[in-house]
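Contents: one structure, followed by commentary.
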C-alpha cells in the first residue's frame, strides 16, 4: 500500500491516462516481490537504500545553498565570508532591519508594487486566456486552424523580437514608469501558454454538459460562465500560480519599463540594492533576497499539486 | 500532450466540412470572435505588429529621438564586423550547447532513480523541483554571485580541504561555467516531465524483456530510452528555445556588463546594452531578428534530426 500512496499527482492528469497503467505496474511489481526469495528482497532493499542515499546526497547539495543563505542572513555580516556551516550561535535580526530600509523606499513599498503587478497580471490572464480558450476548444469558426496554429507559435516566440517596438509603443503613450506595460499585455492573452493549457483542460470536459445547457436555452456567454468556468477551476488555479511566480520573478520587463525607484518592483529593487551596496552589507542583501523569495516559496508549498500537474500536462519551464 | 505535437498534428488534420459543420460555423462565428477579441487585439498590437515593426526598424538607424532613418542592410553588415557580437554568440552557444544537455541528463537520471515507486517520492520531488521555481529570480542570482565569489561558499568549503579555489565569477575562464551550473541546478521541471513520461511506458514491455533475460542496462537502452524519446525531444526543443533567451542570471552575476572581459556577455545582454543602454534601436532590432532566425534554425534542425532518433509508438 505504501507504494501506491507514494504515487504522485501527475497521474491525476486528465489527458495522461496513465493511472491504470501505473497502478497495474506497481501491483505487478509487488506481486513479484512477495513471491520472490529472501535473497531477492534483500537485494531489492539494498537497491532502494542506495537510491535513497543518492537522492539524499544530490538533494542535500542542491538545497544547501538556499539553507545557507537563510542561515547567513541571520548571522553577523562578517561571518558570511568565513562560515560555510549551518550552525547558528545567535539569532541576528539586524540584517533584516537594515535591509528593509536600505533603499530609497522601505522594502515593503517594492513588495506592494510587485503585488499590484502580480494581481493585475493574474486577473488579466484568467479573464483573457479563458475566453480565448473557450473559443478554441468549443466553438467552430472560420480561420480557427490558422489562429490556433499562430497561437501555439507565439508560445515559442522569443520576447526580444517584440521588445523594442513594444517599448517604443508604450513610451509614446506615456506608459514608461507605470505598471501598464506589465499588465496590459496579460489582459490581451499574450501569455499564450495559458490559453493552450486551458484549451487542453476544456477539451477534457464532457460536451454533453454544454449541449444540455444549450437545450435549456443558454447562449455561449452563459455556457462559458455557468458551465465551463466552474469546471475548469483546476486549470485556473494552475494559471494563477504560474502567473504569480513568473510575474513576481520577472526582471527583464521591469528593468526596461520601471526606471523610477518609486515604481520599482522587487526584482529591480534587489538589483538596485546589489549595485549600490559595498562588500559590507551582504547580510542585509541576503535578508532581502530571502524576503523576496518568501512569497514564491509559500505559493510553492500550498500550490505544488497544481504546479506539478501543469508542468506534467503541458510541459513548460 | 504538448504544444509541439499539437502543432505538428494541425497540418495532418484535414477533410472537407460536412453541411452540419458548415451550419455550425455560421452559428458560432460571431460568438467566437467576441470570445477571441482580447487575444486578437493582443496578437495584432502586442505580438505581430511589433514583430513587423522591428523587422522594419532593423533596416533603419533609430535612437528614439529622431525619426528612424532607412539604412538598408547597414545594421546587418555592422553585425558581421562586430567582434563583441561574435563573442556574445560564442558565449550563448556554449551556454545552450553545454547547459541544456547537461541539465536534461541530470533531470533524466534523477527521474529514473525516482521512478519506481520509491518511498518518500513526493518529498524528493519537491526538493528537486524547488530550485527551478526560484532559479529565475534575482535573489538566487545574488546568491550565486556570493557562492562562486572569491571568498564565497564554494571556496570556503574547498578551504576546509586545503584547496584554494579561484574566484569563479571574477575569472573569465570559469565565470560562464558558474552560470551554466545555475542552469543545471534548475533541472526540476524537465525532471517532472520525464517522470510523467516514464509512467506512460506500459509495463508489459519490461515484463517481456525480463522473460527474455534482458539486463537493466539493456532494458534502459531498448525500452526506456526509445519510449521516452518524444519527451526528451520535447524537453530539448523547449529548453533550447528558453536558454537562448536567458538573461537575468548573467545580468545580475556580472553586474550588468557581461564581464569579466565579456565572458558572460550573453547575446540577450548585448542586445539589451545596444537597445536600452545606447538606444541603438535599429541595431537592437536587427539583433533580435537574428536571434529569432537562430532559434528558428535550431528548432528546425531539431525537428529534422528527430526523424532519426525520436520513436513514436503509434
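Chains as they are written, first to last, in the working numbering: chain A, 4 to 320; chain B, 192 to 505. Just so you know, even glycine gets a beta-carbon here, dropped at the ideal spot from N, CA and C.
Beta-carbon proximity of residue i to residue j, cut-off 7 angstroms
i              : j              : result
residue 279(B) : residue 476(B) : no
residue 115(A) : residue 330(B) : no
residue 136(A) : residue 202(A) : yes
residue 241(A) : residue 120(A) : no
residue 379(B) : residue 252(A) : no
residue 294(A) : residue 248(A) : no
residue 456(B) : residue 289(B) : no
residue 99(A)  : residue 290(A) : yes
residue 192(A) : residue 229(B) : yes
residue 357(B) : residue 426(B) : no
residue 493(B) : residue 428(B) : yes
residue 91(A)  : residue 74(A)  : yes
residue 189(A) : residue 127(A) : yes
residue 167(A) : residue 466(B) : yes
residue 440(B) : residue 161(A) : no
residue 276(A) : residue 258(A) : no
residue 385(B) : residue 431(B) : no
residue 251(B) : residue 449(B) : no
Assigned exposure category for residue i - 16 Cβ within 10 Å defines buried
i              : result
residue 502(B) : exposed
residue 388(B) : buried
residue 336(B) : buried
residue 374(B) : buried
residue 351(B) : exposed
residue 197(A) : buried
residue 478(B) : buried
residue 268(B) : exposed
residue 277(B) : exposed
residue 30(A)  : Since pLDDT at residue 30(A) reaches only 38, below the 50 mark, its modelled position is unreliable, and the value read off the structure follows with that caveat. Exposed, by the Cβ-count rule.
residue 175(A) : exposed
residue 21(A)  : With a pLDDT of 36 at residue 21(A), under the threshold of 50, the modelled position of that residue is not reliable, and no figure is offered here.
residue 225(A) : exposed
residue 2(A)   : Here chain A covers residues 4 to 320 and nothing more, so residue 2(A) does not appear.
residue 235(A) : buried
residue 291(B) : buried
residue 340(B) : buried
residue 292(A) : buried
residue 195(A) : buried
residue 229(A) : exposed
residue 58(A)  : buried
Coarse secondary structure for residue i, derived from DSSP in three states
i              : result
residue 480(B) : helix
residue 219(B) : helix
residue 273(B) : coil
residue 95(A)  : coil
residue 246(A) : helix
residue 251(B) : strand
residue 86(A)  : coil
residue 500(B) : helix
residue 470(B) : coil
residue 32(A)  : For residue 32(A), the predicted model reports a pLDDT of 40, less than 50, meaning its position is unreliable and no value from the coordinates is stated.
Enclosing alpha helix (DSSP H) for residue i [first to last residue]
i              : result
residue 133(A) : 110-141
residue 244(B) : 240-248
residue 459(B) : 458-463
residue 426(B) : 416-435
residue 413(B) : Taken as a continuous stretch (DSSP letters only), residue 413(B) belongs to no alpha helix (DSSP H), as it is neither H nor E.
residue 266(A) : Segment: none, residue 266(A) is in no alpha helix (DSSP H) and carries neither H nor E.
residue 439(B) : 439-444
residue 154(A) : 147-158
residue 255(A) : 255-260
Considering only residues of the segment 319-402 of chain B, which uninterrupted alpha helix (DSSP H) runs meet the minimum length of 4 residues and lie entirely inside it, listed in chain order? 329-338, 344-351, 366-376, 379-390, 394-402
Uninterrupted alpha helix (DSSP H) stretches inside the segment 160-200 of chain A (no shorter than 4 residues): List check, alpha helix (DSSP H) in window: 163-175, 183-190.
Contained alpha helix (DSSP H) runs [length at least 4] in the segment 268-312 of chain A, N- to C-terminal order: 269-279
Please give the ranges of any alpha helix (DSSP H) in the segment 275-308 of chain B, keeping only runs that are unbroken, at least 4 residues long and fully inside the region. none
Only counting runs of 3 or more residues, tell me where the beta strand (DSSP E) segments fall wholly within the segment 205-240 of chain A, in order along the chain. none
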